[in-house]
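Chemist: One structure coming up, written as C-alpha cells, with questions to follow.
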Amino acid sequence: MEQTDFAGIGRDILSASRNELYMNLPYLDAALCALAFAPGGGITLSLATDGETLYYDGAWLAERYLRSRVWSCRAYLHTVLHCMLRHLAKKRGKVPQLWDLACDTAVESILDELDYPCLSAGPAPQKQKFYGECRRDMPVLTAEGVYRRLLRLNLSEYEIARLQRAFLADDHGLWDAERQDGGEQSSRQDQKWRDLSGKAQTGLETVLADKGTGGKAVLEQVRVAVRDDVDYRAFLRRFAAPREIVAVDGDAFDYGFYSYGLRLYGNMPLVDPPETREEKRIEDFVIAVDTSMSTSGERVRQFLACTYAILRSAGTFTRKVNIRILQCDDQIRSDDVIHDLEDLRSYMENFRLTGGSATDFRPVFEHVAKLQEAGAFASLRGLVYFTDGMGIYPEKRTPYETAFILLGEPPLSVKTPPWAIRLVLEGPDLDWAAEDLPEEIDLGELPEL
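Encoded structure:
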C-alpha cells in the first residue's frame, strides 16, 4: 500500500484555509501570507508558530479537517492573530500559563465576532460567559487586560484548566523557544508583525472600512498591538515652560578661561560661572479627573499617585507653582489649588473621589476659561484629563494644549476631538513611569481611596 503523504495533505489544507480566509478578510491579506508552512517542528496534534513558520502535524490536521473545515480556518487565523497582536514578543516576564490563556481568550473573542461561515463554530456558553465577565473590567478584550484580570482572580489549577480547554486552539511551546534567541532577530520579527498589523489597521480605517463584517473587533485589538510604548514621564514634562532659576549653569561656563586664570594669577579666575540657568519647569497647569460612575477609584489613585511622584521629581517642580486639580462628572465637584510641594502632599494624603454621575467634559473647560478671565493663570501651558473617554467633548479647540489620558484602550465609538492629544496608558505604563524616581518618594505611603 502506498504511504499517504500527510505532509502534503496538511500543506494543501492550510493553503485552502488561507485562501478562504483571504476571500472573506481581504484586509488581512499580507498577514495571512506571512508564515511559511512546515511539517513537524516538534509539534504533534496541533498547530504552532515561532513567528516565522507555521508548523503542523499533517495526519492530525487531515483528521480534524474531515470532521470540520471550520476548525482549520479558525485555527489558522487564531495563530496568525497571535502574531499580529504581538503576543509572542510580549510574553517575556509574564506567568506563562496565564499569559497563554489570556492570549487565547483575546484571539477567540475576535473570531467569535467574525460572522462568516468559514469561522462559525456555533454557540459556546462557557466562552461567552467568560467574555461577559471580562468586559465588566475592560471595553476591549486585550490579552494584557485579560492577563491582569487573571492575576487578580488567583484561580485554582482546575479552573484554569477548564478555561484552557474552552479556548485552546494551537500550541504556544515555540513562543518561549523563539524568545530565547533575543537580540536583533527577535526585534526584527516583532517589527515585521507590527508593520503587518499597521497595514491591516490602515485598510480597515480606509478603503476596506465597509468590506468586512466583524472588522471592528479586529481593528480594536490591532490598534492596541501597533501602539508604541508610552513614557509618561517624558509626556508630562512636555507641559513644562522654560524658566530662569538660581543655579550654576555648567553648560554655559568655559572652564578653559577659569583654569587659565588660576594658573596665571594663582587664585584669580578670569571668569566666574553663571549664577542662573534656564530649565523647563511646570508652573501653570490643570489636572482634571473624571469622577463618573464608569471611573474606578483605584485607577484614579494610581494616576494621581504617579503624576504626583513625577511632579516631585527633580527638574520638574518649581518652588512655587499654580496647579489646579479639578474633579468633575457632569459638573465641577471640587477645585483644589496647589502652590507648593506641601500643598500637593497634603492633597494626596486627604484625597477623596467625589462624583458618580454621567460624564460631561465641557464644565471643566468652561471653568478653566473663567479662571483665565479672572487672571488665575499667568501662562497656562496645558490640561490633562484622566478619563475612560466616554462622555460629551467640547467642540472648540482650547488655547492651551489639552490631553485626554485613557487608562486602557476604549471602544472604537469613543472619538476624542482631533485637536486634543489622546494618550492611552496601561497599568504597567504607570508602574514603569514611577520607577527610578527619587528614593524619598514612596507611592506606597499614599492613602487608599
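Heads up, the sequence shown is in the numbering used here, so the first residue is 13 and it goes up one at a time.
Built from N, CA and C at the ideal position, the CB exists for glycine as well.
1. Report the CB separation of Gly403 from Phe373 in whole angstroms; it is logged as a contact under 8 Å.
2. Express the C-alpha separation of Gly70 and Phe18 in angstroms, rounding to a whole number.
3. Nearest CA to the CA of Ala390: which residue from Phe49, Phe398, Tyr412, Asp400?
4. When you compare the CB positions of Thr319 and Leu248, do they come within less than 9 Å of one another, or not?
5. What are the boundary residues of the alpha helix (DSSP H) that includes Glu378?
6. Would you report the Cα separation of Val298 and Leu110, rounded to the nearest angstrom?
7. So, does the region 99-119 touch the region 161-178, judging by three or more C-beta pairs under 8 Å?
8. Quick one: grab the DSSP three-state call for Ala71.
9. Classify Trp431: buried if its beta carbon has 16 or more other beta carbons within 10 angstroms, exposed otherwise.
10. Assuming Ala415 and Val396 are in contact, meaning their beta carbons sit under 8 Å apart, how far apart are those beta carbons, in whole angstroms?
11. What does DSSP give as the partner residues of Asp400 in its beta bridges?
12. Based on DSSP bridge pairs, tell me the residues matched to Glu413.
13. When the Cβ atoms of the region 59-69 are set against those of the region 84-103, are three or more pairs found closer than 8 Å?
14. Note down, in chain order, each residue of its chain lying with its Cβ closer than 6 Å to the Cβ of Leu6, except the 5 sequence neighbours on either side.
15. Helix or strand or just coil, what does DSSP make of Ser346?
16. Just verifying my parser: in three-state terms, what is the DSSP assignment at Ala48?
17. Using the Cα positions of Gly52 and Lys141, report the straight-line distance between them to the nearest angstrom.
18. In this structure, how does DSSP classify Ile55 when only helix, strand and coil are distinguished?
19. Should His90 and Ala181 be called a contact, given that it needs their Cβ atoms to be closer than 9 Å?
20. Rounded C-beta distance between Thr303 and Gly210? I'm assuming under 8 Å.
21. How long is the line joining the alpha carbons of Leu198 and Gly105, rounded to whole angstroms?
22. Arg434 lies in the alpha helix (DSSP H); which residues open and close that run?
23. If you reduce the DSSP assignment to three classes, tell me which class Asp127 lands in.
24. So what does DSSP say about Leu66, is it helix, strand or coil?
25. Is Asp17 helix, strand or coil by DSSP?
Modeler: Taking the structure as given:
1. Numbered from its first residue, the sequence shown carries residue 403 at position 391. Numbered from its first residue, the sequence shown carries residue 373 at position 361. Contact flag correct, Cβ pair sits at about 5 Å.
2. In the sequence shown, the residue the question calls residue 18 occupies position 6. In the sequence shown, the residue the question calls residue 70 occupies position 58. Cα-Cα distance, rounded: 5 Å.
3. Residue numbering aside, residue 390 sits at position 378 when the sequence shown is read from its first letter. Answer by Cα proximity: Tyr412.
4. Start at 1 with the first residue of the sequence shown, and residue 319 comes out as number 307. Start at 1 with the first residue of the sequence shown, and residue 248 comes out as number 236. Contact: yes.
5. Within the sequence shown, the letter at position 366 stands for residue 378. 374-385 is the extent of the alpha helix (DSSP H) around Glu378.
6. Here residue 298 refers to the residue found at position 286 of the sequence shown. Here residue 110 refers to the residue found at position 98 of the sequence shown. Those two C-alpha atoms are separated by around 39 Å.
7. yes
8. Position 59 of the sequence shown, counted from the start, is the residue given in the question as residue 71. Looking at Ala71 - three-state DSSP - the assignment turns out to be helix.
9. To locate residue 431, count along the sequence shown from 1; it is residue 419. Its Cβ having fewer than 16 others within 10 Å, Trp431 is exposed.
10. If you number the sequence shown from 1, residue 415 lands on position 403. If you number the sequence shown from 1, residue 396 lands on position 384. Contact flag correct, Cβ pair sits at about 5 Å.
11. Residue numbering aside, residue 400 sits at position 388 when the sequence shown is read from its first letter. The partner list for Asp400 (beta bridge, DSSP) is empty, contrary to what the question assumes.
12. Locating residue 413 in the sequence shown gives position 401, where the first residue counts as 1. Looking at the DSSP assignment, Glu413 forms a beta bridge with Gly394.
13. yes
14. Here the chain comprises residues numbered 13 to 461, so residue 6 is not present and cannot be evaluated.
15. Counting from one through the sequence shown, the residue named residue 346 turns up at place 334. The answer is strand: DSSP assigns Ser346 an E or B state.
16. The residue you call residue 48 lines up with position 36 of the sequence shown. Strand at Ala48.
17. Here residue 52 refers to the residue found at position 40 of the sequence shown. Here residue 141 refers to the residue found at position 129 of the sequence shown. Cα-Cα distance, rounded: 35 Å.
18. Against the sequence shown, residue 55 aligns to sequence position 43. Three-state DSSP puts Ile55 in coil, outside helix and strand.
19. Working through the sequence shown from its first residue, we reach residue 90 at position 78. Working through the sequence shown from its first residue, we reach residue 181 at position 169. Their beta carbons are under 9 Å apart, which means His90 touches Ala181 by this criterion.
20. The residue labelled residue 303 in the question sits at position 291 within the sequence shown. The residue labelled residue 210 in the question sits at position 198 within the sequence shown. Contact doesn't hold; Cβ gap of about 36 Å is too wide.
21. Position 186 of the sequence shown, counting from 1, holds the residue named residue 198. Position 93 of the sequence shown, counting from 1, holds the residue named residue 105. According to the sequence as given, residue 198 is Ser; it is not Leu. Their Cα atoms are separated by approximately 15 Å.
22. One-based indexing of the sequence shown puts residue 434 at position 422. Here Arg434 belongs to no alpha helix (DSSP H); instead the beta strand (DSSP E) covers 433-437.
23. Sequence index remark: in the sequence shown, residue 127 carries index 115 (1-based). Looking at Asp127 - three-state DSSP - the assignment turns out to be coil, as it is neither helix nor strand.
24. For the purposes of this step, residue 66 is taken as the residue at position 54 of the sequence shown. Strand.
25. Translated into the one-based positions of the sequence shown, residue 17 becomes position 5. Correct three-state label for Asp17: coil.
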